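Trainee: My structure is below; once you've seen it, I'll send some questions.
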Amino acid sequence: MALLNAQGVTKRFGGLLANDSVDLAVEEGQIVGLIGPNGAGKTTFFNCLSGHLVPDAGTIIFNGRDITRWPAHRVAQAGIARTFQLVKSMGGLTVEENVMIGAFARVDDREEARRKARQVLELVGLLDVADMYPGELPLAVQKQMELARALATEPKLLMLDEVAAGLSPEEIEGFAGLLRKIHREKGLAMLVIEHVMEFVLPLSERVYVLAGGRKIAEGTPDEITNHPAVIEAYLGEGYARAHKR
Amino acid sequence: MLRVRRWIRTIAAVLGLIVFVGTLPSAAQETVKIGVILPLSGPLAPTGQELRRGYELMVDIVNNVYPELAALGLEVAGWNGIPSLGGAKIEPIFADSRGEPAVGADMARRLILEQGVVGLMGAYQSSVTQTVATVAERHGIPLVNSDSSSPTLTTLGYEWFWRVTPHDMIFDDDLFNLLDGLVEGKAPGVPAVPKDSIRRLAVVVENTEFGSATGNDIVNRLAPERGYEVVEYMRYQANSPDLTSETARLVNSGADVYLFASYVSDAILFMRTLALRGAKPTLIWGQNAGFTNPDFVQALGPALHGVLTRSLFIAKIGEVRPIAAAINELYRQRYGTNLSEESAREMLGVLAWAHALNNAGSTNPRALQRALNELDIPGDQLITPWQGIKFGSRRPGEKNQNIYATGMIGQYQYNPETGGVTLEIVYPFEAATADMVFPFPGWD
Amino acid sequence: MDVVLDIGISGVLMGLVYALLALGLTVIFGIMDTVNFAHGEFLMLGMYAGYLTYAYLYPEPLAGVPVAGLVGMLLGVLAYTLLVKRLLSGPPIAQIFGTFGLMLFLRYGALAVFGPNLRSATQGLVVAKRLVVGGLTLDAAKVVAAAGSAFLFGLVYLMLRRTKLGLALQATAANREAARYMGIDTDRMNLIGWALGGATAGMAGALLVNFYYVSPTVGMVFSMITFTTVALGGFGSVPGALIAGILVGLIEVFTAQVISPQLKLAVIYTVFFLVVLFRPRGLLGAR
Chain A
1 MALLNAQGVT KRFGGLLAND SVDLAVEEGQ IVGLIGPNGA GKTTFFNCLS GHLVPDAGTI
61 IFNGRDITRW PAHRVAQAGI ARTFQLVKSM GGLTVEENVM IGAFARVDDR EEARRKARQV
121 LELVGLLDVA DMYPGELPLA VQKQMELARA LATEPKLLML DEVAAGLSPE EIEGFAGLLR
181 KIHREKGLAM LVIEHVMEFV LPLSERVYVL AGGRKIAEGT PDEITNHPAV IEAYLGEGYA
241 RAHKR
Chain B
1001 MLRVRRWIRT IAAVLGLIVF VGTLPSAAQE TVKIGVILPL SGPLAPTGQE LRRGYELMVD
1061 IVNNVYPELA ALGLEVAGWN GIPSLGGAKI EPIFADSRGE PAVGADMARR LILEQGVVGL
1121 MGAYQSSVTQ TVATVAERHG IPLVNSDSSS PTLTTLGYEW FWRVTPHDMI FDDDLFNLLD
1181 GLVEGKAPGV PAVPKDSIRR LAVVVENTEF GSATGNDIVN RLAPERGYEV VEYMRYQANS
1241 PDLTSETARL VNSGADVYLF ASYVSDAILF MRTLALRGAK PTLIWGQNAG FTNPDFVQAL
1301 GPALHGVLTR SLFIAKIGEV RPIAAAINEL YRQRYGTNLS EESAREMLGV LAWAHALNNA
1361 GSTNPRALQR ALNELDIPGD QLITPWQGIK FGSRRPGEKN QNIYATGMIG QYQYNPETGG
1421 VTLEIVYPFE AATADMVFPF PGWD
Chain C
2001 MDVVLDIGIS GVLMGLVYAL LALGLTVIFG IMDTVNFAHG EFLMLGMYAG YLTYAYLYPE
2061 PLAGVPVAGL VGMLLGVLAY TLLVKRLLSG PPIAQIFGTF GLMLFLRYGA LAVFGPNLRS
2121 ATQGLVVAKR LVVGGLTLDA AKVVAAAGSA FLFGLVYLML RRTKLGLALQ ATAANREAAR
2181 YMGIDTDRMN LIGWALGGAT AGMAGALLVN FYYVSPTVGM VFSMITFTTV ALGGFGSVPG
2241 ALIAGILVGL IEVFTAQVIS PQLKLAVIYT VFFLVVLFRP RGLLGAR
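Note that the protein sequences, when read in sequence, are chains A, B and C. So that you can map any letter, position 83 of the first sequence is 83 in this note's numbering, and since no number is skipped, the others follow by simple counting. So that you can map any letter, position 296 of the second sequence is 1296 in this note's numbering, and since no number is skipped, the others follow by simple counting. So that you can map any letter, position 248 of the third sequence is 2248 in this note's numbering, and since no number is skipped, the others follow by simple counting.
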């Protein structure tokens, strides 16, 4: 049985059908990519999965439980963590405190939370900026902090929303390495929304493609790159654009 | 927009109907209708009710026979209606000003045109009284006022406005009469004191109309006239959360006498803070308002021992005026409380009307005007220690003011045996109910 | 010099009281960006809770402090669950009108229930008592209220910095959405914020009973100065509220002493205006 199994997820905003019966599954320890052009409904789907939105139809089963209508904080406690396209750091709190807040999802003791936070910070290589405030750090580091904060909640599934956006090619490369390392060490399942194909395709074991709110293809990265519907709808143009960056 | 207007019109019509029905005469008999405009709703509603009780009781005394009061010499108590009008009863017709000048004027018009009242009374707030007086003047209907204290009202040259009760400048005069009396040895139980022990004044007033009027009258008129020195003239904000620095300033001024015009909350704060600082002036006086409020007495209790306040009426007067005691008793039986300043005011107003109607022998406005101009009620008919009610002028430009009207000054005195605090009359000296405590004993 | 020290100390004492009034307001604002216009009425009901405890249960106003804290907390919880929570889905203006309506409801409700009279405590450990320290005479009731304020500030500050709940509250304040994805029940944090805000307002009210009168409209007297304190210190900033409270207390006494008592509120508002003009986020505001 899949770790995450979303079936028929449908979300309407007024007359706009943002998600039209989308199916998606993530196995334990698997890295899954979710791609699609702008306005394809990726973020809406992500928001439904993470409890920010309640789908109009469909079911979301996570770890054997129906979480379709759960609020975000319960979804987080159940083991889904996420990062954001635009970094959402907590101003006024240090990097360490930010990550501790993640850790508090699992432990109650302050010192234990701190210890866990420092472990995760070490894993992502941010131990030396633990006492700084997120606002003082470059974007790439803030994104790493957000990743650390998500990891500190000890998720079974990590969802990354356009993690490469705004980063330089070198930084993207570094981030991909970091994710591989985490995957290797923790065996964590990941769901990666991405525009930057060079980043997501090599990383993913399985890729889903959304366009116009519907799933138009799924398969291995190779299958996807050769899928005529995908090329037509999105990939040719998108891949080309991604190369120009 | 159109709907809003329709709503407003509907609401206005309904309200108008309520007011109209409320003011309909209760029975069609031979009566003399006197319109009474009071703030019966809004923030002043409790005061309005108190005023109304005074009217009702005195009208009752005039319209019926009260042998026990008549036996004490109160003429109207034996009348059973207005004698010269064949025993016609006075019928008060109440109208609600809601405390607003425009509403008050409108009510006056309606009372005159729709109800055919022969005279008016009211309207408590000086600003409302002034608009009502304008209407009375235009229609030539007498307005006898006994509940407004702005000195201006009797200086506007009105032909149809008379005031029975003292105005604020008279109250201020009373204060300086008391101070001078202390120097001259007239105060009850106090040997003559050197003027230097009370010469330096601190005038502490809240900074709106009420306090400023008192403050300016004392600082600009009375202190120079009577030879006192104002060492501190402080205008403060009554709604301040804290009055510590004001108090420090007051104490540091080194004044002998503290004079306050305060509302109740600030009066309480001032007294408490002064007590904590151990301030020791020789005299503390308050201009009515906060200083006569029951909550002020409840909050401070024995700490008030020796504090003075001016008032129009103090129930203790019954000890020296049997008529006042008997009427107070009647009032207590009916309403469960002592006569208050407010209810006493309205009793005096009705009394003036009753005599004027009887003297006129007619409800013709001109006849009533003449009767009021010539009115001369002797002091023994009153519940206040005045020489009487007679309208005239006490200062240049003034007209139709009761020349005998004075206020009273009371002193809170703590009785260690009963544990109670009573307000004793110390001024006018001849009406004193106790020896004055002087100098102010302090709070230690 | 003596005068300066004398009124300086009374300014600091009163300033600590203002800071305590501002504490609850700034906590609620910090967590959920809602201005509780009924805060002065929470204070007023805290005062009644304290006074009624004193008058009918135990003749010591200080005994009313925990009672008023509980009453304030309950009030905060009820206000949030029955009113504010329902307004959150509406436009921000709905929250403004909502808490403004609550203010009127509580004020005139209190007028109907308690009547317009002013009530005051006349006896108690610190009521109308002097405290002489090194030649200075202080109002014992204000010293106790200021100490209570300092204590509650310390407590709230430690709670926010040193506990899991405090960090969760701060996370909610800093970024509600992110907090939610970290497993924090932000709706519960709102509720806790209102409970905390209500409890501090209630306790502040009971402490005031030692030296202040109680009336249905007393909230009005303190509301303006409380809002000014919060804005001056920075909306949502706890240390800001403390510093701004003391600043307001000092400005108040020194204006009254040096310039004129009737200008003291005007000067406070001018300082507030200047701060807003040149530093819109307040002295210690985070955003």
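For each residue, glycine too, the CB sits at the ideal point set by N, CA and C. Predicted model, so just to flag it, every value in this text is computed and none were measured.
What are the boundary residues of the alpha helix (DSSP H) that Glu1209 (chain B) is part of?
Mentor: Segment Glu1209 to Asn1216, the alpha helix (DSSP H) holding Glu1209 (chain B).
Trainee: Quick one: give me the first and last residue of the beta strand (DSSP E) that Met1121 (chain B) is part of.
Mentor: It spans Gly1119 to Gly1122 - the beta strand (DSSP E) in which Met1121 (chain B) sits, taken as one unbroken run.
Trainee: Check the C-beta distance from Leu2118 (chain C) over to Ile1268 (chain B) and give it rounded, since I have them as a contact under 8 angstroms.
Mentor: So it is a contact: roughly 7 angstroms between Cβ atoms.
Trainee: When we look at the beta-carbon of His243 (chain A) and count the other beta-carbons within 10 Å, is it buried (16 or more) or exposed?
Mentor: Model confidence at His243 (chain A) stands at a pLDDT of 47, short of 50, so the residue's coordinates are unreliable; what they give is reported in the following sentence. For His243 (chain A), the number of other beta carbons within 10 angstroms of its own is below 16, and it is reported as exposed.
Trainee: Terminal residues of the continuous beta strand (DSSP E) containing Glu218 (chain A)?
Mentor: Residue range Arg214 to Gly219 is occupied by the beta strand (DSSP E) that includes Glu218 (chain A).
Trainee: Based on the DSSP secondary-structure assignment, which residues constitute the bridge partners of Phe1296 (chain B)?
Mentor: Paired residue(s): none; Phe1296 (chain B) is not in a bridge.
Trainee: Tell me whether Ala1289 (chain B) is buried or exposed, calling it buried when 16 or more other Cβ atoms sit within 10 Å of its Cβ.
Mentor: buried
Trainee: Mind checking Glu232 (chain A): buried by the 16 CB within 10 Å criterion, or exposed?
Mentor: exposed
Trainee: Does DSSP put Leu2070 (chain C) in a helix, in a strand, or in coil?
Mentor: helix
Trainee: With a threshold of 8 angstroms between beta-carbons, can Ala1324 (chain B) be considered close to chain C, or not?
Mentor: no
Trainee: What does a CB cutoff of less than 8 angstroms around Arg2107 (chain C) pick up in its chain, not counting 5 residues either side in sequence?
Mentor: So the list reads Glu2041, Met2044, Pro2216, Thr2217, Gly2219 and Met2220, once near-sequence residues are dropped.
Trainee: If you measure between the beta carbons of Pro55 (chain A) and Thr10 (chain A), is that distance less than 8 angstroms?
Mentor: yes
Trainee: Rounded to whole angstroms, what is the Cα-Cα separation between Glu1341 (chain B) and Phe1313 (chain B)?
Mentor: Computed Cα separation, rounded: 5 angstroms.
Trainee: Pick out whichever of B:Pro1281, B:Gly1122, B:Ala1255 and B:Ala1299 has its Cα sitting closest to the Cα of Asp1266 (chain B).
Mentor: B:Ala1299
Trainee: Which residues, taken in chain order from the stretch 140-157 of chain A, show a beta carbon closer than 9 angstroms to some beta carbon of chain C?
Mentor: Glu146, Arg149, Ala150, Ala152 and Thr153
Trainee: Between the C-alpha atoms of Lys2129 (chain C) and Ala2141 (chain C), what's the straight-line distance to the nearest angstrom?
Mentor: 7 angstroms
Trainee: Which residues mark the beginning and the end of the beta strand (DSSP E) in which Pro1092 (chain B) is found?
Mentor: Lys1089 to Asp1096
Trainee: Using the three-state DSSP reduction, which class does Lys1280 (chain B) fall into: helix, strand or coil?
Mentor: Of the three classes helix, strand and coil, the one that applies to Lys1280 (chain B) here is coil, per DSSP.
Trainee: Would you please verify whether the beta carbon of Met100 (chain A) is less than 8 angstroms from any beta carbon of chain C?
Mentor: yes
Trainee: Do Leu1153 (chain B) and Ala1133 (chain B) have their CB atoms nearer than 8 angstroms?
Mentor: Yes; because the gap between Cβ atoms is below 8 angstroms, this pair is in contact.
Trainee: Out of curiosity, what's the CA-to-CA distance linking Gly2236 (chain C) and Gly2285 (chain C)?
Mentor: 7 angstroms
Trainee: Could you check how far apart the C-beta atoms of Gly1185 (chain B) and Asp1435 (chain B) are, in whole angstroms? I think they sit under 8 angstroms.
Mentor: Rounded, the Cβ-Cβ distance is 13 angstroms, inconsistent with contact.
Trainee: So which residues of chain B does Arg2130 (chain C) contact, with C-beta pairs closer than 7 angstroms?
Mentor: Leu1276
Trainee: Interface residues of chain A around Asp2185 (chain C) at Cβ under 7 angstroms?
Mentor: His73
Trainee: Relative to the C-alpha of Pro1441 (chain B), which candidate in B:Asn1358, B:Asp1256 and B:Ile1034 has its C-alpha closest?
Mentor: B:Asp1256
Trainee: Is the distance from the Cβ of Val1117 (chain B) to the Cβ of Lys1033 (chain B) below 8 angstroms?
Mentor: yes
Trainee: Can you have a look at Leu4 (chain A) and say buried or exposed, based on whether 16 or more other CB atoms are within 10 angstroms of its CB?
Mentor: buried
Trainee: Verify whether the separation of the beta carbon atoms of Ser1343 (chain B) and Ile2007 (chain C) is less than 8 angstroms.
Mentor: no
Trainee: Anyone know if the C-beta pair for Asn19 (chain A) and Phe46 (chain A) falls short of 8 angstroms?
Mentor: no
Trainee: Return no unless some Cβ of chain C is closer than 8 angstroms to the Cβ of Ser1245 (chain B).
Mentor: yes
Trainee: In chain A, which residues lie less than 9 angstroms from Arg2117 (chain C) when you measure between Cβ atoms?
Mentor: Strictly speaking, residue 2117 (chain C) in this sequence is Asn, with Arg absent from that position. In chain order: nothing, as chain A lies at least about 45 angstroms away.
Trainee: Could you tell me the alpha carbon to alpha carbon distance between Leu1375 (chain B) and Ser1362 (chain B), rounded to whole angstroms?
Mentor: 15 angstroms
Trainee: Output, in sequence order along the chain, the residues in the stretch 199-211 of chain A whose CB is closer than 8 angstroms to any CB in chain C.
Mentor: none
Trainee: If I measure Cβ to Cβ from Gly2198 (chain C) and keep anything under 6 angstroms in the same chain, skipping five residues before and after, which residues do I get?
Mentor: Phe2042, Gly2072, Met2073, Leu2075 and Gly2076
Trainee: For Arg2180 (chain C), which three-state DSSP category applies?
Mentor: Residue state, collapsed to three classes: helix.
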